[in-house]
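**Q** Let me give you the structure first, and then I'll get to my questions.
Residue numbers (the UniProt record's numbering): 1 to 288.
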């Protein structure tokens, strides 16, 4: 009897999923499904510990891991919130500010390369037809890298690099999804927050914290994340670019479900030749 061998190329990562497709996040207060398209957007999630931010990150990571046109870059200071997706990621950064800065610099170089390519072709943004992967960057937690670990100069560089990616990465196919349990002006200044087209405020202890995530004045208009009960994990106010906050309940994936999805995604990705890049920043190139 001969044993079948796994094919080595041309394997789609997921059953028709793409990062250019809407991503299912959960349901709204009327039971209707909530989708967001992240290929040309960034998303900021903030709220107190245990509010459900990790559930949102994992829902997005699951879609990205199962998308044939996606690559994952994960920054997780606690190692465990996004750790189950490590085998699906091109880069997984833990509590290491030097490694975090290195991967952000490399992403910045990829972004610059892609914009040079777009300019040469008279284009303004990457599309699905270009065959370039969407590099989805997930950060949990912003404050760990920007205010806790490393020297002040390293923290400031992290914020500057992250701001550049959020500001310029969208059209180059490099969306950023970032979460923090410290929604304050020193962690999320207005100039950074307003660059996120999508913002989700999970339970906050003060109306000011809710406004820092959603935008100034929403709490006074009745959209305050302080109204979310402490026991209602996964509930949040989600604001889309130019819209009004809507109350949603984020889909929950258990650890067992995440492990199953991540194992499946990693098994299929490996034969298709998606490997962790090494060497100089230019190694990722525009086709990363």
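Ideal placement from N, C-alpha and C gives every residue a C-beta, glycine not left out.
Counting pairs of beta carbons, one from the segment 32-44 and one from the segment 105-116, are three or more of them closer than 8 Å?
**A** no
**Q** Classify residue 180 as buried or exposed, calling it buried when 16 or more other Cβ atoms lie within 10 Å of its own Cβ.
**A** buried
**Q** Leaving out the 5 sequence neighbours to the left and right, which residues in its chain are closer than 6 Å to residue 167 when beta-carbon positions are compared?
**A** 195
**Q** Smallest Cα separation from residue 184: which of 259, 171, 207?
**A** Ranking 259, 171, 207 by Cα distance to residue 184 puts 207 first.
**Q** In the DSSP assignment, what residue or residues form a beta bridge with residue 70?
**A** 134
**Q** Tell me the DSSP secondary structure of residue 279 in three-state form.
**A** Confidence is the limiting factor: at residue 279 the pLDDT is only 42, short of 50, which leaves the residue's position unreliable and the question unanswerable from this model.
**Q** Would you mind working out which of 85, 157, 26, 171 sits nearest residue 99, comparing C-alpha positions?
**A** 157
**Q** Span of the alpha helix (DSSP H) holding residue 104?
**A** 97-120
**Q** Alpha carbon to alpha carbon, how far is residue 217 from residue 79? Give it in angstroms, no decimals.
**A** Going by C-alpha positions, residue 79 is about 35 Å away from residue 217.
**Q** Identify every run of the beta strand (DSSP E) within the segment 124-188, keeping only runs that are complete inside it and at least 3 residues long; order them along the chain.
**A** 134-140, 176-180
**Q** CA-CA distance, residue 84 and residue 209?
**A** 30 Å
**Q** Sort 58, 94, 29, 176 by Cα distance to residue 162 and report the nearest one.
**A** 176
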